[in-house]
Structures are given as structure tokens and as C-alpha cells.
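Since the structure comes first, as C-alpha cells, the remarks are kept for the end.
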Amino acid sequence: MTVHTQTARFDSMDLDCGVRLQPVEVAYETYGELNASRDNAILVLHAFSGDAHAAGISAETGQSGWWDAMIGPGKAFDTDRYFVICSNVLGGCRGTTGPGSIDPSTGQPFAMHFPVITIGDMVRLQKKLIDHLGIPRLLSVAGGSMGGMQALEWAAAFPDSVASAIPIASTARHSAQQIAFNEVGRQAIMADPDWQNGDYYGKARPARGLAVARMVGHITYMSDHSMREKFGRRLRDKDAFGFDFSVDFEVESYLRYRGSQFVDRFDANSYLYITKAMDYFDLTASRRSLAQVFEGINTRFLVLSFTSDWLYPSYQSQEIVNALRSRNCDVAYCELESHYGHDAFLLESTEQTETLRGFLKSTKI
Amino acid sequence: MAHFAQEIFGRSDYAIIGEIVEPGSLVLDLGCGEGELLAWLRDNKNVRVRGVEISPAKVQKAIARGVSAYQSDIGDAISGYQDQAFDYVILSQTLQEIRAPLDVLKGMLRIGRRCIVAFPNFGHWRVRWSHMVSGRAPQTELFPHSWYNSPNIHFLTIEDFEMLAQKEGWKIEKRIFLSGQRAVKLRPNLLAEMAVYLFSK
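So this is what it looks like as C-alpha cells:
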């Protein structure tokens with residue numbers, strides 16, 4: 198299945214920080230067919246480093262989508278039944294307006310003049326896209342990690358527009374630990390001399406800082422178990438220690454590889470803006486309890502977490518579930534068994550597929 | 122007696138519960154397993170259903186069946202709901218397995234307008250006979266486990282439940298006693314293998 202990324206353009210949008218962004222572009226892809234009654238649409242929401250290319254083979258890059266294991270004919274998000282949409286988030290660097298886009302008032306990239314954005318802003322841009330596509334009500338909004346935050350925000354901000362929400366390995370508010378890891382990533386980027394206060398477009402990019410940020414990220418996405426299994430203490434292309442600071446261990450090699458690979462496809466300033474949006478995310482920010490946020494909404498929920506995920510631990514999912522339960526909302530929750538840490542939500546498993554399929558099938562619009 | 126659920130699941134308490142629950146109601150099943158009963162109620166009785174189950178594998182199967190099940194210990198689950206949140210709260214074949222049955226029963230009455238419990242009757246003559254002749258923990262068709270691997274930690278009889286209900290002042294609206302699939306009318310504490318109660322505060 199070859200897919201093309203498309204772009205929608207809107208004249209302006211008002212952001213939480215008070216700034217009006219104009220114009221705004223959003224990159225998106227669709228899979229499957231929208232039915233005549235326009236009630237089979239599912240919006241899939243990507244995590245921190247994802248993009249609009251969720252499934253199939255990209256006509257532009259030749260790569261398969263980030264959730265290709267879950268989206269397609271006969272898969273969890275069955276494109277024979279559903280019309281699946283995925284867009285790149287606001288602040289991103291994969292086609293949607295972000296810090297690397299040209300600021301029309303200067304003709305230069307926004308860089309650090311880009312306004313600070315929130316998860317709420319990302320969702321309001323997605324709402325514009327859904328309206329533009331002529332979809333009155335989504336059958337579901339689904340995503341893992343930061344995608345799960347967007348799913349929750351959708352249900353809280355537009356409850357009448359979503360029949361169901363599926364936050365996976367996610368949270369209703371970023372914790373101190375989650376903020377801390379993001380801050381390490383940001384500091385790594387900003388400590389790189391090539392960062393130049395964000396003004397590096399057309400020059401050398403802060404590749405070392407961004408690579409280090411990504412290395413930290415990858416550690417948090419795995420588990421002790423999965424790292425032991427994947428690398429153990431195995432040495433890389435040698436039988437004995439080098440007694441220097443070149444690569445000794447497999448795990449070092451892996452992290453360096455992942456870091457350098459990331460630099461080719463991700464913009465360091467987007468890293469700063471998107472992690473900040475995650476850190477600001479707190480559904481209870483307006484001093485309402487989480488239960489009050491969900492008061493009276495008819496959206497159905499499926500909340501999933503994974504046993505070995507220590508970055509978004511199950512207690513955060515349970516907090517969401519308990520708030521929903523206390524308001525008699527319709528919520529299903531399961532902590533799925535996995536050794537893969539936070540990464541588990543991206544991997545296909547029979548359990549996750551069965552669960553998603555059954556939940557979607559039983560959701561009435 | 123309806124035999125629909127019996128045919129599907131081989132569990133007579135399901136059939137009885139299906140008969141009791143009124144269409145259009147909101148039902149919570151504590152210890153819902155893989156959601157068989159709830160799926161049946163939803164499809165055949167037009168009932169909105171929720172389930173609680175401790176085993177992640179079973180919860181996952183229940184959700185795959187389209188039932189809104191949620192993974193939790195029964196006690197924790199009860200404490201998270203508002204008063205009178207449900208039309209019915211069901212506890213089927215679980216009362217004898219939980220650590221604090223009275224707390225759970227009181228909690229059920231707090232969150233549900235009416236409660237349904239189904240439990241195996243340890244007063245059945247075969248249990249008494251098995252215990253008397255062997256001098257050991259009773260083992261029967263209904264209670265096939267050895268004492269050391271039985272999930273049952275309380276050995277209540279129909280008489281025990283009646284006395285508790287009286288002591289607590291619960292209103293028993295319906296009592297149904299079964300031996301296999303037959304209804305038992307006389308001397309249920311001796312002749313019934315299974316009891317189903319519908320009660321409220």
C-alpha cells in the first residue's frame with residue numbers, strides 16, 4: 198500500500214500562549230475509505246518523534262509507517278472497515294508548521310521565534326483538519342505516549358466529536374520524572390555550540406546535542422529486561438576491552454547509531470518545542486480534578502498500559518481510569534504483559550490487536 | 122427456567138441472572154472473568170455493562186469481546202464508584218473466594234440499587250456426607266479441590282447467607298435455589314447446590 202502525504206492549509210489559529218499563528222499547514226495521510234455516512238473515521242495520534250506517515254509505504258521516502266503493524270487490512274485498525282487519519286503535530290518538522298517553517302513576517306525560519314505550543318493547540322489544529330475533511334464525529338481517537346495525551350485532550354475538549362478514545366501508555370499530566378528526562382534532552386541540545394540559540398538553519402545543525410538527547414530518550418523507552426536481552430554486556434566487534442573511549446559495548450553502539458540516525462530526520466528546535474508541550478500537559482491544570490474534567494462526557498474509553506513501562510507507569514493510566522469510573526464513564530482498562538518497556542505500544546502483539554479490535558467493533562458512533 | 126445461557130456456558134447461575142436483570146439497566150459484574158455473562162446480557166437484554174476482573178489475561182479477553190472490563194481487585198473497584206451508580210451489581214461464584222465478604226457485600230449495596238449474588242451451597246447433603254464419612258475437607262463434584270489448592274476460603278451455606286441478611290437488615294427480593302439445572306423448592310440448604318439472591322438495602 199503506497200501512500201502520499203497531503204497538506205491542508207488554514208488561514209490562522211489562536212494558540213494557548215495568546216499568539217495567533219497565520220497561516221498554519223498540517224501534513225496528513227489517510228488509509229481506507231470514508232463511508233457514505235461519514236461515521237467510520239479514526240484519528241491516530243503520533244508520539245513524540247512520529248509523523249503523519251503511520252501506515253503503508255510512503256511514496257516520498259519508501260519507508261513503512263510508524264504504526265504499520267496496527268493499521269491496515271485485517272489489522273487492529275482495520276482499513277477494510279475504518280477510514281484512518283494521521284497528521285503531523287503542530288510544532289513538528291515533518292510537514293506541519295513548526296519552528297523550522299518560514300515565518301511569513303520575516304521570510305526566515307521561525308526558530309526560537311516560534312510560539313510555545315501545547316497539546317491543546319495540537320488537538321485544535323487536528324480538529325480543524327477533521328472539520329476540513331467533513332467528518333462530524335470520529336469513531337475513535339487513538340495513540341500511545343504523547344499520542345495518548347492528545348486522545349485525552351480530544352475527549353476533554355471535544356467530547357461530542359469523539360465516540361471513543363484510546364490512550365495507550367500515557368498520562369493525564371506529565372510527572373516530575375517525565376519532565377526531568379525531557380529537560381536533560383533539551384539541555385543536551387542547547388549545550389551544543391551549533392545550536393546558536395536555535396538559529397542554525399542553513400548552517401551546521403546541533404547534531405551532537407540532538408543525538409545525545411535521543412540516546413537518553415531511547416534508554417527510557419526500553420526496559421532493564423529488554424536491554425539485557427538485546428545487548429547484555431556483549432562487546433561490539435571486539436573480544437576484549439579497548440581501554441579507551443571508543444565503542445566497547447553493543448549497547449553503546451546501538452545508542453550512538455540511534456542518535457545519529459535521528460539527527461537526519463528530526464529538527465532540534467522541534468525537539469525543544471514538542472517536549473515543552475508534553476511537560477505543560479496537565480488535564481487538571483484549570484484546578485479541576487480529573488474526575489470533574491470527565492464529568493458528563495459520553496465518550497467511551499479504552500486505556501492500556503504495559504507492565505514493564507517505567508516511563509509512563511501503569512499508575513498514571515489507573516489515575517485516568519479511576520477518574521472516569523468515579524463519574525460512571527464507560528471505561529475499559531488492561532495492563533498488558535510486556536518486557537519491552539514504553540516501546541511496547543508500537544509493537545504488534547496478539548493481545549493488543551485483539552483488545553483494540555474488540556473495543557472498536559463494540560463502539561457505536 | 123431458561124436454558125439459553127446454560128447451553129452456551131454450562132453455568133446455570135448465568136441463566137438465572139439473565140432472567141432477573143431488567144432491560145435497559147446499567148450492570149456491574151464483579152469478577153467478570155472473560156465477560157461471557159456481560160456480553161450475553163448486552164446482546165440479549167439490551168443492558169449497559171461494566172466488568173471488574175483481577176486477571177489481566179481475562180480482562181483482555183473481555184475487552185476483546187467488546188465488554189468494558191477493567192483490571193482491578195474487587196475491593197478497590199467498589200471504593201472507586203459513587204453511591205447507587207448501578208442498577209445491579211453482580212457477584213457470581215466469587216463470594217466464597219474473597220477475603221472480606223461482608224465488606225464487599227456492603228460495598229455492593231452502596232454502589233448498586235440492587236445486588237445479585239450467586240454462590241455454591243456448602244450445606245448441600247453431598248458436602249456434609251463427604252465431610253462426615255471421610256473426616257477430611259469435603260471434596261465433591263461441585264467442590265473438586267483439595268484443601269491446599271482450593272480457591273474457596275469461606276464455606277458458607279444458604280442458611281448462613283439468610284442469617285447474615287437478616288442480621289444486616291437486607292431486603293431479599295428473590296431467592297432461587299438450584300440442583301444442576303433443576304429448581305429446588307424444599308429444604309434448599311440440604312438439597313440445593315447453588316443459590317442466587319437478589320437483594321437490596
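So the sequences go chain by chain: A and B.
Each residue of the first sequence is one higher than the one before, counting from 198 in the working numbering.
Each residue of the second sequence is one higher than the one before, counting from 122 in the working numbering.
Using N, Cα and C, we set each Cβ at its ideal position, and we do this for glycine too.
- With respect to the 8 Å criterion, residue 408 of chain A and residue 468 of chain A are not classified as neighbours on the basis of their beta carbons.
- When secondary structure is reduced to three states using DSSP, residue 337 of chain A falls in the strand class.
- The alpha-carbon separation between residue 257 of chain B and residue 251 of chain B amounts to approximately 8 Å.
- Distance between residue 211 of chain A and residue 220 of chain A, taken at the CA atoms: about 11 Å.
- DSSP, reduced to helix, strand and coil, places residue 529 of chain A within a strand of the structure shown.
- Residue 233 of chain B has a beta carbon lying at 8 Å or more from every beta carbon in chain A.
- Within the stretch 136-198 of chain B, the runs of alpha helix (DSSP H) at least 4 residues long that lie entirely inside it are, in chain order, 157-166, 177-185.
- Bridge partners of residue 292 of chain B according to DSSP: B/321.
- At least one CB of chain A lies nearer than 8 Å to the CB of residue 191 of chain B.
- If the five residues before and after residue 416 of chain A are omitted, its C-beta is found closer than 6 Å to no C-beta atom of its own chain.
- Between residue 195 of chain B and residue 225 of chain B, the C-beta spacing is below 8 Å.
- Under the 8 Å criterion on CB atoms, residue 556 of chain A is classed as interfacial with respect to chain B.
- Annotation for residue 232 of chain B: 149, 199, 202, 203, 204, 205, 206, 207, 210 place their beta carbon closer than 8 Å to its own, counting only its chain and skipping 5 residues before and after.
- Listed along chain A, the residues sitting closer than 8 Å to residue 181 of chain B by beta-carbon distance are 531, 533, 548, 551, 552.
- Of the candidates A/462, A/555, A/525, A/462 places its Cα closest to the Cα of residue 291 of chain A.
- The beta carbon of residue 499 of chain A sits closer than 8 Å to some beta carbon of chain B.
- Close CB contacts of residue 451 of chain A within its chain, under the 7 Å cut and outside five residues either way in sequence, are with 428 (chain order).
- For residue 202 of chain B, the chain A residues whose Cβ falls inside 9 Å of its Cβ are 522, 523, 525, in order along the chain.
- Residue 275 of chain A has A/269 as its beta-bridge partners, per DSSP.
- Between the C-alpha atoms of residue 214 of chain A and residue 399 of chain A there is a straight-line separation of about 28 Å.
- By the CB criterion at 8 Å, residue 273 of chain A and residue 554 of chain A fall inside the cutoff.
- Taking the Cα of residue 213 of chain B as reference, the smallest distance to any Cα among B/269, B/255, B/173, B/186 is reached at B/173.
- Rounded to whole angstroms, the separation of the alpha carbons of residue 420 of chain A and residue 558 of chain A is 32 Å.
- Residues of the same chain with their beta carbon placed closer than 7 Å to that of residue 258 of chain A are lacking, with the five preceding and five following residues left out of the count.
- Within the stretch 187-270 of chain B, the runs of beta strand (DSSP E) at least 3 residues long that lie entirely inside it are, in chain order, 189-192, 207-213, 233-241.
- Among the CB atoms of chain A, one or more fall inside 8 Å of the CB of residue 184 of chain B.
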